[in-house]
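Q: For reference, the structure I am asking about is given below.
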Amino acid sequence: MTDDSQLITERREKLAAIRHQGVAFPNDFKPKDHADELLRLYDALPDEELDALAVKVSVAGRMMLKRVMGKAAFCTLQDGSMGPAGSRIQLFVTRDGLGEAAYDAFKHWDLGDIIGCEGLLFKTRTGELSVRASTLRLLTKSLRPLPDKFHGMTDQEQKYRQRYVDLITDEGARARFAARSKTVSAIRQFMVEHHFMEVETPMLHPIPGGANAKPFVTHHNALEQQMFLRIAPELYLKRLIVGGFERVFEINRSFRNEGISVRHNPEFTMMEFYAAYWNHHDLMDYTEAILRHAARQATGSASLTYTGRAVDLDRPFARLTVRDSLVAHAGLSQAEAGEAELLRTRLKSLGHEAPAHWRLPELQFSLFEAVVEEQLWQPTFIIDYPVEVSPLARASDADPSVTERFELFITGREYANGFSELNDAEDQAARFLAQASNKEAGDEEAMYYDADFIRALEYGMPPTGGCGIGIDRLIMLLTDSPSIRDVILFPSLRKQA
């Protein structure tokens, strides 16, 4: 078996010979056609009708297969088509069609080379739509051999590290990221149609805020100050609500210096949106509509399958309070769900030692996270979160111990988090102070005190609802992908030795 280093050496020698002959990497070939469009327009035509049309085409792409049979050869060209008909079209190459010198050069080209072809469309004896090449040019010499054509890349980590090769060899990978693009476009269109304005807020923050998370820390030399990669855009988007933009959204990266898993990547894509005069009920209705629309646009249906189990986004999403979820999924009665010591004992039996200062709401929430969350397969909004774990959410008028907050769970994972925003500047200042005390006590994820945000609220923010949706997790659901790394083009990885 020839090893890759020998093949690379041979290809470099071929490139050296091409350089000696003239331009090695020409940049004057302009393809006018794509495989998907040609297949969609002409694949179903009878041979005679296609021949009568004498369709002249110009295509370019990567050579993926090649069969030389004396004076004739077939090769498969793969281009950037993203449509349902496919990204590959067959070329029929002959000595008589190209001329002896050009045909002889073609025979020495390698799989992975990028080529340009002009010719007429026709059907082979087996009925495959093909291009009868009249012109064939080598546009880019590939110096590294592609993975085995039958197995592709089998090492999953290598797929993540060399996504460019994964995309070349795995049609499923290309389809996954095409679906991602469709999803984001569909969401953006939906937002604009509902009169939301897209904005861009800072990635570098002087104070990290908007979520309980550990930030990445950096230093700005010119300003001579510590800065943080944002953990959420929330506080800046709410400043815009104060400023008079009544509906805003942002689709962009956030960063959290936390663990890596199949659900978490240190940098991730999130959409946050805020609407004046909305409450958490309006947000739940709208979030449900967004996800349903995105699924239909990206996949053609809101009835999905994830890891072999059905997920129905068509039906109205369930809504449960934290307490009711413990009754429904943790085997507790309503009375038991309200007994702090019982919950503390249950948590301890699960290996979760609850701090002594935790009260009933925190114990309920902790047991929810430990037992209930993973059971929520069909779309379910969990509502009425404790104030203690919701420092930016408005407290309920009916029960000040809980907030007008929800989280959306599907397939046992959180997909969205939203709430009626706290617009009482004095209440927000008190909650920031409590968070700052937690940080001083050693909680690295507690929030900082943001004096400028308090000042903004003191000018007056109208009643507002806001929500964040995890785009990467949504793409995982829509593409039936088991890991977040499967839907991020270049996920974070440990540096190779």
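For the sequence shown, my numbering begins at -3 and goes up steadily by one. Beta carbons: idealized from backbone N, C-alpha and C, even for Gly.
(1) For the stretch 266 to 347, list the beta strand (DSSP E) runs that are entirely contained and at least 3 residues long, ordered along the chain.
(2) Can you tell which of Ala169, Leu309, Glu349 and Glu370 has its C-alpha closest to the C-alpha of arginine 259?
(3) CB aspartate 29 to CB valine 55, shorter than 7 Å?
(4) Going by beta carbon distance, what residues of the same chain come within less than 8 Å of leucine 11, once the five residues before and after it are set aside?
(5) Pair every Cβ in the stretch 247 to 259 with every Cβ in the stretch 211 to 227, then say whether three or more of these pairs are closer than 8 Å.
(6) Among residues of its own chain, excluding the 5 on either side of leucine 3, which ones have a beta-carbon nearer than 6 Å to its beta-carbon?
(7) Short check: CB of serine 416 to CB of glutamate 440, under 7 Å?
(8) By how many angstroms is the C-alpha of glutamate 9 removed from the C-alpha of tyrosine 16?
(9) When burial is assigned at 16 or more other CB atoms within 10 Å of the CB, is arginine 355 buried or exposed?
(10) I need the DSSP call for glutamate 263, collapsed to helix, strand or coil.
(11) Check serine 433 in the structure and name its three-state DSSP category.
(12) Exposed or buried, which one is glutamate 153 when buried takes at least 16 other CB atoms within 10 Å?
(13) Looking at C-alpha atoms only, which residue of Phe102, Leu135 and Gly82 is the closest neighbour of asparagine 23?
(14) Do three or more CB pairs link the stretch 235 to 249 to the stretch 455 to 470 at distances below 8 Å?
(15) Note down, one range per segment and in chain order, each beta strand (DSSP E) of at least 3 residues found wholly within the stretch 212 to 266.
(16) Which word fits alanine 352, buried or exposed, when buried means at least 16 other C-beta atoms lie within 10 angstroms of its C-beta?
(17) Based on Cα-Cα distance, which residue from Thr407, Leu372 and Asp423 lies nearest to alanine 391?
(18) Keeping to the same chain, check which residues put their C-beta closer than 6 Å to that of alanine 285; ignore five residues upstream and five downstream.
(19) Figure out for me which residue from Met443, Leu219 and Tyr411 has the closest Cα to the Cα of alanine 426.
(20) Could you work out which residue in Gln86, Leu116 and Gly408 is closest to threonine 122 when comparing CA atoms only?
(21) Who are threonine 399's beta bridge partners in DSSP?
(22) So, is methionine -3 buried or exposed, given that buried needs 16 or more other C-beta atoms within 10 angstroms?
(23) Just to confirm, is the Cβ distance from alanine 129 to valine 89 under 7 Å?
(24) Within its chain, find whatever has a CB closer than 6 Å to the CB of serine 181; leave out the 5 residues flanking it on each side and keep chain order.
(25) Taking one C-beta from the stretch 374 to 386 and one from the stretch 171 to 187 each time, how about it: are there three or more such pairs within less than 8 Å?
(26) From which residue to which residue does the alpha helix (DSSP H) around lysine 160 run?
(27) With distance defined between alpha-carbon atoms, name the residue in Val385, Leu404 and Glu6 nearest to valine 398.
(28) Less than 6 Å between C-beta atoms, sequence neighbours within five positions excluded: which residues of the same chain meet that for valine 307?
(29) If you run the structure through DSSP and keep just helix, strand and coil, what is glycine 93?
(30) Work out the CA separation of leucine 322 and glycine 296 for me, nearest whole Å.
(31) My understanding is that tyrosine 270 touches arginine 481, with C-beta atoms under 8 Å, so please give their C-beta distance in whole angstroms.
(32) Output yes or no for whether 7 Å exceeds the beta carbon distance between leucine 359 and glycine 408.
(33) If contact is defined by three or more beta carbon pairs under 8 Å, each pair taking one atom from either stretch, is the stretch 57 to 73 in contact with the stretch 101 to 114?
(34) DSSP on valine 188, reduced to helix/strand/coil?
(35) Go to alanine 20, then tell me how far its beta strand (DSSP E) extends in each direction, as first and last residue.
A: Reading off the structure:
(1) 299 to 302, 305 to 308 and 314 to 317
(2) If you number the sequence shown from 1, residue 259 lands on position 263. If we check each option's Cα against that of arginine 259, Glu370 comes out closest.
(3) The count along the sequence shown starts at 1 and reaches residue 29 at position 33. The count along the sequence shown starts at 1 and reaches residue 55 at position 59. Yes, they are a contact pair.
(4) For the purposes of this step, residue 11 is identified with residue 15 of the sequence shown, where counting begins at 1. Cβ within range, chain order: Ala20, Lys137 and Leu139.
(5) yes
(6) In the sequence shown, residue 3 corresponds to position 7, counting from 1. Counting only Cβ-Cβ distances below 6 Å, and skipping sequence neighbours, we find Pro141.
(7) Working through the sequence shown from its first residue, we reach residue 416 at position 420. Working through the sequence shown from its first residue, we reach residue 440 at position 444. Result no, Cβ atoms of serine 416 and glutamate 440 do not sit closer than 7 Å.
(8) By 1-based counting over the sequence shown, the position of residue 16 is 20. By 1-based counting over the sequence shown, the position of residue 9 is 13. Tyrosine is not the amino acid found at residue 16; the sequence shown has histidine there. When rounded, the distance between both Cα atoms is 11 Å.
(9) Stepping through the sequence shown from its first residue, residue 355 is reached at position 359. Arginine 355 comes out exposed.
(10) Taking the sequence shown and counting its residues from 1, one reaches residue 263 at position 267. Glutamate 263 falls in the strand class under three-state DSSP.
(11) Sequence index remark: in the sequence shown, residue 433 carries index 437 (1-based). Three-state result, serine 433: helix.
(12) Start at 1 with the first residue of the sequence shown, and residue 153 comes out as number 157. Looking at its Cβ environment, which holds fewer than 16 other Cβ atoms inside 10 Å, glutamate 153 is exposed.
(13) In the sequence shown, counting from the first residue as 1, residue 23 sits at position 27. Considering only alpha carbons, the answer is Leu135.
(14) yes
(15) 213 to 216, 221 to 225 and 243 to 251
(16) By 1-based counting over the sequence shown, the position of residue 352 is 356. Exposed.
(17) Indexing the sequence shown from 1 puts residue 391 at position 395. The candidate whose alpha carbon is nearest that of alanine 391 is Asp423.
(18) Residue 285 sits at position 289 when you count from the first residue of the sequence shown. Counting only Cβ-Cβ distances below 6 Å, and skipping sequence neighbours, we find nothing.
(19) Working through the sequence shown from its first residue, we reach residue 426 at position 430. Ranking Met443, Leu219 and Tyr411 by Cα distance to alanine 426 puts Met443 first.
(20) Working through the sequence shown from its first residue, we reach residue 122 at position 126. Looking at the Cα atoms, Gln86 is the closest of the given residues.
(21) Stepping through the sequence shown from its first residue, residue 399 is reached at position 403. Paired residues: Ala391.
(22) In the sequence shown, the residue the question calls residue -3 occupies position 1. The predicted position of methionine -3 is uncertain, since its pLDDT is 48 and thus under 50; no value can be drawn from it.
(23) As a position in the sequence shown, residue 129 is number 133, starting the count at 1. As a position in the sequence shown, residue 89 is number 93, starting the count at 1. Yes, these two residues count as a Cβ contact at 7 Å.
(24) Within the sequence shown, numbered from 1, the residue matching residue 181 stands at position 185. Counting only Cβ-Cβ distances below 6 Å, and skipping sequence neighbours, we find nothing.
(25) no
(26) Within the sequence shown, residue 160 is the residue found at index 164, counting from 1. Checking the sequence, you will find tyrosine at residue 160 rather than lysine. From DSSP, the alpha helix (DSSP H) with tyrosine 160 extends over 159 to 165.
(27) As a first step, residue 398 must be located in the sequence shown, where it is residue number 402. The shortest C-alpha separation from valine 398 is found at Val385.
(28) Against the sequence shown, residue 307 aligns to sequence position 311. Answer for valine 307: Leu300, listed in chain order.
(29) Working through the sequence shown from its first residue, we reach residue 93 at position 97. Helix.
(30) Mapped onto the sequence shown, residue 296 falls at position 300. Mapped onto the sequence shown, residue 322 falls at position 326. Cα to Cα, glycine 296 sits roughly 35 Å from leucine 322.
(31) Numbered from 1 along the sequence shown, position 274 holds the residue referred to as residue 270. Numbered from 1 along the sequence shown, position 485 holds the residue referred to as residue 481. Rounded, the Cβ-Cβ distance is 30 Å, inconsistent with contact.
(32) Here residue 359 is taken as the residue at index 363 of the sequence shown, counted from 1. Here residue 408 is taken as the residue at index 412 of the sequence shown, counted from 1. No, the Cβ-Cβ distance between leucine 359 and glycine 408 is not below 7 Å.
(33) yes
(34) Mapped onto the sequence shown, residue 188 falls at position 192. Three-state result, valine 188: helix.
(35) Here residue 20 refers to the residue found at position 24 of the sequence shown. No beta strand (DSSP E) contains alanine 20, which DSSP labels as neither H nor E.
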